[in-house]
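J.: Chains as they are written, first to last, in my numbering: chain A, 1 to 159; chain B, 160 to 318.
The structure under discussion is supplied below as C-alpha cells; questions concerning it will follow.
Number of protein chains: 2
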Amino acid sequence: MSETKAPPKAKAVRQRFRNEVVTEIVGYRLRRAQVQVFQEFNARFADYQLRPAEYSALALIAANPGSKQIEVANALGIKRANFVALINMLETRGLIDRRQPANDRRSHALFLTAEGESLMEKLDVAQAEFEAECVRKLGGPAAREQLMELLDRLIDSGG
Amino acid sequence: MSETKAPPKAKAVRQRFRNEVVTEIVGYRLRRAQVQVFQEFNARFADYQLRPAEYSALALIAANPGSKQIEVANALGIKRANFVALINMLETRGLIDRRQPANDRRSHALFLTAEGESLMEKLDVAQAEFEAECVRKLGGPAAREQLMELLDRLIDSGG
DNA sequence: TATTGTTATACTCTATAACTATA
DNA sequence: TATAGTTATAGAGTATAACAATA
Numbered sequence: 001m002s003e004t005k006a007p008p009k010a011k012a013v014r015q016r017f018r019n020e021v022v023t024e025i026v027g028y029r030l031r032r033a034q035v036q037v038f039q040e041f042n043a044r045f046a047d048y049q050l051r052p053a054e055y056s057a058l059a060l061i062a063a064n065p066g067s068k069q070i071e072v073a074n075a076l077g078i079k080r081a082n083f084v085a086l087i088n089m090l091e092t093r094g095l096i097d098r099r100q101p102a103n104d105r106r107s108h109a110l111f112l113t114a115e116g117e118s119l120m121e122k123l124d125v126a127q128a129e130f131e132a133e134c135v136r137k138l139g140g141p142a143a144r145e146q147l148m149e150l151l152d153r154l155i156d157s158g159g
Numbered sequence: 160m161s162e163t164k165a166p167p168k169a170k171a172v173r174q175r176f177r178n179e180v181v182t183e184i185v186g187y188r189l190r191r192a193q194v195q196v197f198q199e200f201n202a203r204f205a206d207y208q209l210r211p212a213e214y215s216a217l218a219l220i221a222a223n224p225g226s227k228q229i230e231v232a233n234a235l236g237i238k239r240a241n242f243v244a245l246i247n248m249l250e251t252r253g254l255i256d257r258r259q260p261a262n263d264r265r266s267h268a269l270f271l272t273a274e275g276e277s278l279m280e281k282l283d284v285a286q287a288e289f290e291a292e293c294v295r296k297l298g299g300p301a302a303r304e305q306l307m308e309l310l311d312r313l314i315d316s317g318g
C-alpha cells in the first residue's frame with residue numbers, strides 16, 4: 001500500500017466500463033454461472049469425450065435401465081427428434097444398447113452395455129469430484145443446498 | 160391419508176422414473192433454471208422483439224455511450240465476429256448509431272438513437288418488472304441477494 | 001386416433017480463420 | 001506488430017413437420 005504510485009493524470013482518465021446494468025440482473029448472472037460451470041464440466045470430462053447432455057443420458061439410463069428414449073429425452077428437456085443422434089452416438093461407441101421391449105414394440109428399451117457400466121464407474125468418480133469442486137467454490141455443503149433450493153424456486157414456479 | 164387406495168397389484172408396478180441422478184447436480188439445475196428464466200424473458204420481451212443478448216447490448220450502450228463494439232461484445236461474452244450481426248440488426252431497426260470516433264478510426268463508437276433512448280425507457284420498466292417477478296419467485300430481496308452472491312462464487316473462481 | 005422413433009430441415013448460438021484498415 | 005471490425009464457415013443446440021410402425 002505504501003508504494004502505490006499516483007495514477008496517470010495527463011490523459012483524460014477513461015471511465016471504467018459500466019457492466020452493472022447487466023451484471024445485476026438475475027438472468028444474466030445465472031447464464032454466466034451456467035456457462036462457467038459447463039465449461040468446467042467439459043474440461044473435466046474431455047478425456048471421456050462426453051458433454052453434459054451425453055453424461056446425463058448415460059446417468060439416467062444407468063439409474064433407469066430399460067427406459068424409453070422419450071423418457072430420457074423428456075428428463076433432459078431434449079426433443080425426442082434431437083435425442084436420436086445423441087443416443088445413436090452412445091450406441092455406436094458401445095456404451096448403450098437398444099433392446100426390443102416385450103410390451104410395446106414401438107419403443108426401444110435402453111440399457112448400458114458392460115462397457116457402459118464400466119465407464120459409468122469412472123464417471124461417477126469424476127462427477128463426484130466435480131460436484132465437490134462446486135461445493136468448495138460455493139463455500140460448503142450448506143451453501144450448495146441454499147443454491148439448489150433457490151434455483152428450484154426459479155424452476156418450479158410456472159408463472 | 161385415510162382414503163388412499165391400495166396400489167394396483169396385477170401388473171408389475173412400473174417404478175417412477177428416477178431423475179435424481181441429474182437433478183441433484185448443481186450444473187444441471189443451474190442450466191434448467193437459466194433456461195426457464197430466459198424463456199420467461201423472451202415471453203415478456205416478445206412485444207419488443209428483443210432477446211436477452213440484444214436487450215443487454217442496448218442496456219450496455221445506454222450506460223456506456225460511445226463504447227466500442229469489442230467492449231460491449233466482451234461484456235456480453237460474445238466474440239466480436241458474432242457481435243456484428245447483432246449490432247447490424249439494432250442499427251437497421253434504428254435503435255443504435257455507429258459513429259466515427261476522433262481518436263481511433265478503427266473502431267465504431269456506439270450510441271442509442273432518439274428512438275433507441277425512447278425504447279430504452281420502456282425496456283427499463285419491463286426489465287424492472289421482470290426482475291421483481293424473479294424476486295417474488297425467489298422469496299424476497301434477501302433471497303435474491305443470496306442467489307446473486309452464490310452465483311458470483313461460481314463465476315469468479317478461475318480454477 | 002395417439003404415441004415412439006425417425007428423418008429432414010431451419011434457425012440460433014458459438015468458434016475459428018482470414019481479410020481490411022487502422023494504430 | 002497488434003487491434004477493431006468484418007466476412008465466411010462450420011459446429012452445436014434446438015424447434016417443427018412429416019412419416020412408418022405400433023398401440
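Glycine included, each C-beta is placed from N, C-alpha and C at the ideal position.
According to DSSP, is Ile61 of chain A part of a helix, a strand, or is it coil?
T.: helix
J.: Could you check where the alpha helix (DSSP H) with Ile220 of chain A kicks off and where it finishes?
T.: Examination of residue 220 of chain A is not possible in this model, given that chain A is present from 1 through 159 alone.
J.: Helix, strand or coil, according to DSSP, for Ile184 of chain B in the structure here?
T.: In the three-state reduction of the DSSP assignment, Ile184 of chain B falls in the coil class, being assigned neither a helical nor a strand state.
J.: In chain B, which residues lie with their C-beta within 7 angstroms of the C-beta of Tyr48 of chain A?
T.: Chain B residues near Tyr48 of chain A: none, gap ~15 angstroms exceeds 7 angstroms.
J.: In chain A, which residues lie less than 7 angstroms from Ala218 of chain B when you measure between Cβ atoms?
T.: Val21, Val22
J.: Apart from the five residues just before and just after Cys293 of chain B, which ones in its own chain have a Cβ nearer than 6 angstroms to its Cβ?
T.: none
J.: Between the alpha carbons of Glu304 of chain B and Gln193 of chain B, how many angstroms are there, rounded?
T.: 17 angstroms
J.: Hey, does Pro166 of chain B have any beta-carbon neighbour from chain A nearer than 8 angstroms?
T.: Residue placement at Pro166 of chain B is flagged as unreliable, the pLDDT there being 34, under the threshold of 50; the coordinate-derived value follows with that caveat. No, because no Cβ of chain A sits closer than 8 angstroms to the Cβ of Pro166 of chain B.
J.: Quick check on the DSSP output: the alpha helix (DSSP H) that includes Asp124 of chain A runs from which residue to which?
T.: 114-138
J.: Below 8 angstroms between beta carbons: does that hold for Leu30 of chain A and Leu310 of chain B?
T.: For Leu30 of chain A and Leu310 of chain B, yes; Cβs fall inside 8 angstroms.
J.: So for Phe176 of chain B, helix, strand or coil by DSSP?
T.: Coil, per DSSP.
J.: What's the C-alpha gap between Lys170 of chain B and Ile237 of chain B?
T.: With a pLDDT of only 37 at Lys170 of chain B, under 50, the local geometry of the prediction cannot be trusted, and the value read off the model is given with reservation. Using only the alpha carbons, I get a separation of about 54 angstroms.
J.: Could you tell me which residues DSSP puts in a beta bridge with Ile96 of chain A?
T.: DSSP lists A:Leu112 as partners of Ile96 of chain A.
J.: Please work out which residues of its chain come closer than 6 angstroms, Cβ to Cβ, to Gly66 of chain A, disregarding the five sequence neighbours upstream and downstream, and give them in chain order.
T.: Once the five neighbours on either side are set aside, the close Cβ partners of Gly66 of chain A are Ala109.
J.: Please work out which residues of its chain come closer than 6 angstroms, Cβ to Cβ, to Thr92 of chain A, disregarding the five sequence neighbours upstream and downstream, and give them in chain order.
T.: So no residue of the chain qualifies.
J.: Ends of the alpha helix (DSSP H) at Asp104 of chain A?
T.: Per DSSP, Asp104 of chain A belongs to no alpha helix (DSSP H) and is neither H nor E.
J.: With distances taken between CB atoms, is the gap from Gly94 of chain A to Glu115 of chain A smaller than 8 angstroms?
T.: yes
J.: Measuring CB to CB, does Leu154 of chain A end up less than 8 angstroms from Val196 of chain B?
T.: Yes, these two residues count as a Cβ contact at 8 angstroms.
J.: Closer than 8 angstroms is the cut-off here; do at least three beta carbon pairs connect the segment 37-55 of chain A with the segment 101-108 of chain A?
T.: no
J.: Roughly how many whole angstroms lie between the Cα atoms of Ser277 of chain B and Ala285 of chain B?
T.: 13 angstroms
J.: List, in order along the chain, the chain A residues whose C-beta lies closer than 9 angstroms to that of Glu280 of chain B?
T.: Residues of chain A passing the Cβ test: none, with the nearest at roughly 14 angstroms.
J.: Per DSSP, what kind of secondary structure is Leu50 of chain A in: helix, strand or coil?
T.: coil
J.: Check each candidate in A:Glu131, A:Gln69, A:Asn64 and name the one with the smallest Cα separation from Arg44 of chain A.
T.: A:Glu131
J.: What is the rounded straight-line gap between the Cα of Asn42 of chain A and the Cα of Thr272 of chain B?
T.: 41 angstroms
J.: Is there a Cβ of chain A sitting closer than 8 angstroms to that of Pro211 of chain B, yes or no?
T.: Taking Cβ atoms only, chain A reaches closer than 8 angstroms to Pro211 of chain B, which makes this a yes.
J.: Going by the beta-carbon positions, is the gap between Ala218 of chain B and Val21 of chain A smaller than 8 angstroms?
T.: Remark: C-beta atoms of Ala218 of chain B and Val21 of chain A approach each other more closely than 8 angstroms.
J.: Going by other Cβ atoms of all chains shown within 10 Å of its Cβ, with 16 needed for buried, is Lys122 of chain A buried or exposed?
T.: exposed
J.: When you compare only the Cα positions, how much space is there between Arg258 of chain B and Ser266 of chain B?
T.: 9 angstroms
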